[in-house]
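Undergrad:
Protein chains in written order, with our numbering: chain A, 64 to 286; chain B, 5 to 225.
1. Decide yes or no for the touch test of the stretch 117-133 of chain B against the stretch 60-69 of chain B: beta carbon pairs closer than 8 Å, at least 3 of them.
2. Express the C-alpha separation of residue 251 (chain A) and residue 179 (chain B) in angstroms, rounding to a whole number.
3. For residue 208 (chain A), which option in A:145, A:135, A:172 has the closest C-alpha, if you only look at C-alpha atoms?
4. What do you reckon, are the CB atoms on residue 116 (chain B) and residue 98 (chain B) nearer than 7 Å?
5. Could you tell me whether the Cβ of residue 110 (chain B) comes closer than 7 Å to any Cβ of chain A?
6. Under 6 Å from any heavy atom of the ligand PLP, does the C-beta of residue 90 (chain B) make it?
7. Does any residue of chain A have a CB that is nearer than 7 Å to the CB of residue 69 (chain B)?
8. Under a three-way DSSP split, which group does residue 32 (chain B) fall into?
9. For chain A, is any of its Cβ atoms less than 7 Å away from the one on residue 127 (chain B)?
10. Decide if the stretch 141-157 of chain B is in contact with the stretch 208-217 of chain B; the criterion is three or more beta carbon pairs, one per stretch, under 8 Å apart.
11. Let me confirm a value: residue 130 (chain A) is counted as buried when at least 16 other C-beta atoms fall within 10 Å, else exposed. Which label applies?
12. What does residue 99 (chain A) pair with, by DSSP beta-bridge criteria?
13. Given a limit of 8 Å on CB to CB distance, which residues of the stretch 73-92 of chain B reach chain A?
14. Under a CB-based cut-off of 7 Å, is residue 297 (chain A) close to chain B?
15. On the three-pair Cβ rule with 8 Å, is the stretch 122-138 of chain A touching the stretch 66-81 of chain A?
16. Output yes or no for whether 7 Å exceeds the beta carbon distance between residue 194 (chain B) and residue 151 (chain B).
17. Using the three-state DSSP reduction, which class does residue 68 (chain A) fall into: helix, strand or coil?
18. List the residues of chain B that residue 164 (chain A) touches, going by C-beta distances under 9 Å, in chain order.
19. May I ask you to verify whether the stretch 255-267 of chain A touches the stretch 82-89 of chain A, counting CB pairs closer than 8 Å and requiring at least 3?
20. So which residues of chain B does residue 187 (chain A) contact, with C-beta pairs closer than 9 Å?
21. Using the three-state DSSP reduction, which class does residue 89 (chain B) fall into: helix, strand or coil?
22. Return helix, strand or coil for residue 9 (chain B), following the three-state DSSP convention.
23. Can you say whether residue 61 (chain B) is buried or exposed, counting buried as having 16 or more other CB atoms within 10 angstroms of its CB?
24. Under 7 Å between the Cβ atoms of residue 10 (chain B) and residue 95 (chain B)?
25. Mark residue 73 (chain B) as exposed unless 16 or more other C-beta atoms lie within 10 angstroms of its C-beta, in which case mark it buried.
26. Using a Cβ-Cβ cut-off of 6 Å (strictly less than) and excluding sequence neighbours within five positions of residue 95 (chain A), which residues of its own chain qualify?
27. In angstroms, rounded to a whole number, what distance separates the CA positions of residue 118 (chain B) and residue 165 (chain B)?
28. So residue 97 (chain B) contacts chain A; which residues on that side make the cut at Cβ distance below 9 Å?
29. Do we get a CB-CB distance below 7 Å when we pair residue 157 (chain A) with the residues of chain B?
30. Output needed for residue 160 (chain A): all residues of its chain with C-beta closer than 7 Å, excluding positions within five of it in sequence on either side, in chain order.
31. Comparing the C-beta of residue 173 (chain A) with each C-beta of chain B, is any distance below 7 Å?
32. What number of angstroms, rounded off, separates the C-alpha of residue 274 (chain B) from the C-alpha of residue 136 (chain A)?
33. Identify which residue in A:64, A:178, A:256, A:270 has its Cα closest to the Cα of residue 93 (chain B).
34. To which residues of the same chain is residue 256 (chain A) closer than 6 Å at the C-beta, ignoring the five residues directly before and after it?
35. Using 10 angstroms around the beta-carbon of residue 58 (chain B), count the other beta-carbons present and answer buried if the total reaches 16, otherwise exposed.
36. Using a C-beta cutoff of 7 Å, does residue 101 (chain B) count as contacting chain A?
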């Protein structure tokens, strides 16, 4: 039950956000929730490493069970709580196939986002190159265009008619790119997807607290 | 079902192991060559616009993401072949955890073994290579600890599961590119326990990418 669950998380982290969305979707509100700060290095605190030796967030526990990998946590929650809340894996074979495909493509999308938005965080100064920055930007732009195309072919959700784990996994990434200035005019399908989902209760309730009252950035506005 | 695949590719291997485990032999398959850039051919792009392998179809359903394909196959064919997702909550959670951590392992392996493919000439740095090696050593030590009690029938999450389907190919890859069995005895034991499992033995890669040039890459780790 939710009261036996604990989640350590950081605001804006897609990995954390997707677990929070899954918990809401499965009616597992009431879990112990603690917000930590990456900027203050709190992800390296003992309280985190006791649960996640990798010193990463999310750190998630259900009783004595530990599941820090966000995709793992989402799959586990859907399996263990199949009969409550919303169904997150479609019964329809074709829809479930598309769900798994898009869900795991989400890992590629995140990698390409990180290579652009967190370049300076991951690459020490003496190893940075304009050629890499350009290549990463081109790579992310091509990736975002791919997802715009996916939503031209299917909708309103990533796997078709039903909200699924594909949306739980990927919506936080779409929200992130718009937060960083992606153009609504250039990506109308992604913008429509974003608008459809931003008011979904599980998403609205778990919206990153620091995003509500502060403006985003514009790193991606020229895409 | 049809599978376009490349030899020595852990993602392709995972799907092939799963197909064997679920008794889905007899699928159409075609071996393509990375060296000849066949993964960028029209035949692949029609199924996988990313020009990557594996490219997998089940009827009209396309799943090129290997972990996704494995999960799909286990869910669609739950009642046949071997069970690959445990029912018990604790084992199931551990299985999902290790399965997903397996993707981190292959990423860190690639950064060392295929550094020159990740970083074009002019962007390579000794400091980056050193850091990648250190990160990989830390990662390998984690896996040694995960396999502390490895024994026949007791793998990454108890009985053989999707965690092993995803991770075993990565460990086989590491040893193929020179990892020392003496320094990583638990991983070596895991490797020797599973290398003759029918689904794994049957699908063992005939070759590995640029093996002549890279088979010593990990030997000093």
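Note that the Cβ used here is the ideal one computed from N, Cα and C, for glycine as well.
TA: For this structure:
1. no
2. By one-based count along the second chain, residue 179 (chain B) stands at place 175. By one-based count along the first chain, residue 251 (chain A) stands at place 188. Rounded to the nearest angstrom, the two C-alpha atoms are 48 Å apart.
3. Translated into positions along the first chain, residue 208 (chain A) becomes position 145. Among A:145, A:135, A:172, the Cα nearest to that of residue 208 (chain A) is on A:172.
4. Here residue 116 (chain B) refers to the residue found at position 112 when the second chain is read from its first residue. Here residue 98 (chain B) refers to the residue found at position 94 when the second chain is read from its first residue. Not closer than 7 Å, so no.
5. Position 106 of the second chain holds residue 110 (chain B). Chain A, which has no Cβ nearer than 7 Å to the Cβ of residue 110 (chain B), makes this no.
6. Ligands are entirely absent from the displayed structure, and the ligand PLP is therefore not among its contents.
7. The count along the second chain starts at 1 and reaches residue 69 (chain B) at position 65. Cβ-Cβ to chain A under 7 Å: yes for residue 69 (chain B).
8. As a position in the second chain, residue 32 (chain B) is number 28, starting the count at 1. Strand, per DSSP.
9. Walking along the second chain from the start, residue 127 (chain B) turns up at place 123. Interface residue, yes.
10. no
11. Translated into the one-based positions of the first chain, residue 130 (chain A) becomes position 67. Counting Cβ neighbours within 10 Å, residue 130 (chain A) comes out buried, since at least 16 surround it.
12. Along the first chain, one-based indexing puts residue 99 (chain A) at 36. Its beta-bridge partners are A:73.
13. 73, 75, 76, 79, 80, 89
14. Here chain A has residues from 64 to 286 only, and residue 297 (chain A) is not among them.
15. yes
16. As a position in the second chain, residue 194 (chain B) is number 190, starting the count at 1. As a position in the second chain, residue 151 (chain B) is number 147, starting the count at 1. For residue 194 (chain B) and residue 151 (chain B), yes; Cβs fall inside 7 Å.
17. On the first chain, residue 68 (chain A) is found 5 positions in, with the first residue counted as 1. In this structure, residue 68 (chain A) counts as strand in the three-state DSSP scheme.
18. Residue numbering aside, residue 164 (chain A) sits at position 101 when the first chain is read from its first letter. Those are 65, 66, 67, 68, 69, 72, 73, 76, listed as they occur along chain B.
19. yes
20. For the purposes of this step, residue 187 (chain A) is taken as the residue at position 124 of the first chain. Chain B residues near residue 187 (chain A): 129, 131, 132, 135.
21. As a position in the second chain, residue 89 (chain B) is number 85, starting the count at 1. Of the three classes helix, strand and coil, the one that applies to residue 89 (chain B) here is coil, per DSSP.
22. Counting from one through the second chain, the residue named residue 9 (chain B) turns up at place 5. DSSP places residue 9 (chain B) in strand when its eight states are reduced to three.
23. Here residue 61 (chain B) refers to the residue found at position 57 of the second chain. So residue 61 (chain B) ends up on the buried side.
24. Taking the first residue of the second chain as position 1, residue 10 (chain B) is located at position 6. Taking the first residue of the second chain as position 1, residue 95 (chain B) is located at position 91. No, they are not a contact pair.
25. The count along the second chain starts at 1 and reaches residue 73 (chain B) at position 69. Residue 73 (chain B) comes out buried.
26. Within the first chain, the letter at position 32 stands for residue 95 (chain A). Counting only Cβ-Cβ distances below 6 Å, and skipping sequence neighbours, we find 69.
27. Position 114 of the second chain, counted from the first residue, corresponds to residue 118 (chain B). Position 161 of the second chain, counted from the first residue, corresponds to residue 165 (chain B). Roughly 28 Å between the two C-alpha positions.
28. Position 93 of the second chain, counted from the first residue, corresponds to residue 97 (chain B). Simply 125, 128, 129, 130, 135, 136, 139, 143.
29. Numbered from 1 along the first chain, position 94 holds the residue referred to as residue 157 (chain A). True, the Cβ-Cβ gap to chain B drops below 7 Å.
30. Walking along the first chain from the start, residue 160 (chain A) turns up at place 97. Contacts found: none.
31. The count along the first chain starts at 1 and reaches residue 173 (chain A) at position 110. No, residue 173 (chain A) does not count as interfacial toward chain B.
32. Here chain B covers residues 5 to 225 and nothing more, so residue 274 (chain B) does not appear.
33. For the purposes of this step, residue 93 (chain B) is taken as the residue at position 89 of the second chain. Among A:64, A:178, A:256, A:270, the Cα nearest to that of residue 93 (chain B) belongs to A:64.
34. Against the first chain, residue 256 (chain A) aligns to sequence position 193. Excluding residues within five positions, the ones whose Cβ falls inside 6 Å are 214.
35. Here residue 58 (chain B) refers to the residue found at position 54 of the second chain. The residue is buried, with at least 16 neighbouring Cβ atoms inside 10 Å.
36. Numbered from 1 along the second chain, position 97 holds the residue referred to as residue 101 (chain B). Chain A contact via Cβ: present.
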